[in-house]
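Right, one structure below, let's go through it.
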Amino acid sequence: MMFLPIQFVGIRPPYLGWQGIIPRNAARMASIACDTLTTRLLKPEELFDRLDPIRVASAIDRPLRAAVEEIVHEVFEHYSPGLWTAAPTAMKRTMIRRVQDKSPQMIEDIMSKIRSDLNSVFDLKDMVVSNLVKDKALLNQMFRELGHGEFRFISNSGIYFGFLIGCVQALAWALTHSIRIMPLFGGLTGWLSDWLALKMVFRPKEPTRYLGLFTWQGLFIKRRQQVASEYGRLMAQRVLTPSAIMDSILRGPLSDRLYAMIQNEVRAAIDEQAGFARPLVVLSVGGDKYLEMKRVVAGKIVERLPEAMRHVETYAFEALDIENTLKTKMAQLTVDEYEGLLRPAFQQDEWILIAVGAALGFLVGEMQVHVMLAFATNPL
């Protein structure tokens, strides 16, 4: 019931049917969990500073050169087919090569401008929340893997607590011989075992000895080192991947600002590198058409950037080192901040889970009553 079904199944949401608690509250849960990530664990500026502009430019140099050559040919053949066809091959190659040679410096300049105002083109929290809300199965997997020990404990707690309460139930039956004991204790078992198990996952925060017999610390708090390792791995491999970060920058809600920045750089590079051919091109196609050609070239280069940036992913994965960064930073969290990574999964609609457990326990008790009455009426 925490995880399934991913989509609502029933007649009329949210009452006549059911949707897993985590998928139903995906936006809220992802946002709460992401608050700790973005305020205490990862700073976008810190991540971006780890990328060497020269290494990035080198990684995409080959695909970007190919893209520039193809785009320049395509645009000139469209806007000035006669001039481009008649132009000497050496002149065309020189013009294309000059723009290509400017590309690495252009990438470095763009990265420098992005670094100086990163928040205007990249929203880390929006990226993480959007991806997790869009992929509820991934959100489920994150909570499952982070809290696998805790969920197993909750599942098994009914056995332990049910046995203890069952012993009290047996004693009450022996003293009263009242069949109403069954549903009463069934509901009590369902309610108390779920409530107690959920509390024991997070409380107490420090190891505490009870009745002088055993020591207990909230299971999730106790597993902090293991959880930190799993959290770092999951975020690095499934959420904060280089491809996801680049996709957010290139296609996210702030991408228009980045495209404007890139287009300005590309237009300046074309003007600077067109050199001796520029007056001839302007004379041939006209000033307005020349401006339009620059805009189209810049737009097509922007369209090809996602494909070119895939060549950076291997380097970026190693340079960002998100997995080890998260492991290290999680050790610096307070207990309350650390608890916030998983606690939202249990807090949201927690009362529903406990109430359903009590209701199911009561129904099982009622079934026991009917079975006992049936045997009393028709003994074997």
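Going by my numbering, the sequence shown opens with residue 4, and the numbers climb by one from there.
In this text, a Cβ means the ideal position worked out from N, Cα and C, and glycines have one as well.
Because the structure is a prediction, the values reported are computed rather than measured.
The residues LEU237, in chain order, have a CB closer than 7 Å to that of MET145 in the same chain once the five nearest residues on each side in sequence are set aside. VAL124 is a Cβ neighbour of ILE117, given a cutoff of 8 Å. Here the alpha carbon of PHE6 sits roughly 6 Å from the alpha carbon of ASN143.
In terms of Cβ geometry, VAL372 and ILE168 do not form a close pair [threshold 8 Å]. Per DSSP, GLY215 is not a residue of any alpha helix (DSSP H), being assigned neither H nor E. Here DSSP, grouped into helix, strand and coil, assigns GLY255 to coil. Contact annotation: the stretch 128-143 touches the stretch 20-34, with at least three C-beta pairs closer than 8 Å. For GLY235, the enclosing alpha helix (DSSP H) covers residues 227-237.
For the set THR42, GLY193 and ALA319, the Cα lying nearest the Cα of LEU363 is the one of GLY193. Taken through DSSP and simplified to helix, strand or coil, LEU7 comes out as coil. At a Cβ-Cβ threshold of 8 Å, ILE110 and ILE63 count as neighbours. The distance from the Cβ of ILE35 to that of GLY343 is about 7 Å, consistent with a contact at the 8 Å cut-off.
Of all C-beta pairs linking the stretch 314-329 to the stretch 50-70, three or more are shorter than 8 Å, placing the two stretches in contact.
Relative to LEU376, the option among PHE156, ASP250 and MET185 whose CA is nearest is MET185. Assigned with DSSP and collapsed to three states, LEU19 falls in strand. DSSP places GLY13 in the strand class (E or B) of the three-state scheme. Under the rule that a run must span 4 or more residues, the alpha helix (DSSP H) segments found entirely inside the stretch 31-74 read 47-52. Residues GLN103 and SER106 of the same chain have their beta carbon placed closer than 7 Å to that of ARG68, with the five preceding and five following residues left out of the count.
Between the alpha carbons of SER119 and ARG65 lies a distance of about 27 Å. The distance from the Cβ of THR41 to that of LEU127 is about 5 Å, consistent with a contact at the 8 Å cut-off. Counted as a single uninterrupted DSSP element, the alpha helix (DSSP H) harbouring GLN144 occupies residues 139-149.
By the C-beta density criterion, LYS139 is buried, having at least 16 other C-beta atoms within 10 angstroms. Note on PRO245: 16 or more other CB atoms within 10 angstroms of its CB, so buried under the neighbour-count rule. Here the alpha carbons of VAL300 and ARG307 stand approximately 11 Å from one another. Taking all protein chains in view, the Cβ of TYR341 is crowded by 16 or more other Cβ atoms within 10 Å, so the residue is classified as buried.
DSSP places HIS180 outside both helix and strand once states are collapsed to three, so it counts as coil.
SER196 is positioned such that its CB atom lies closer than 8 Å to that of GLY360. Annotated three-state conformation of ASP104 is helix, per DSSP. In this structure, the beta-carbon distance from VAL367 to GLY165 does not fall below 8 Å.
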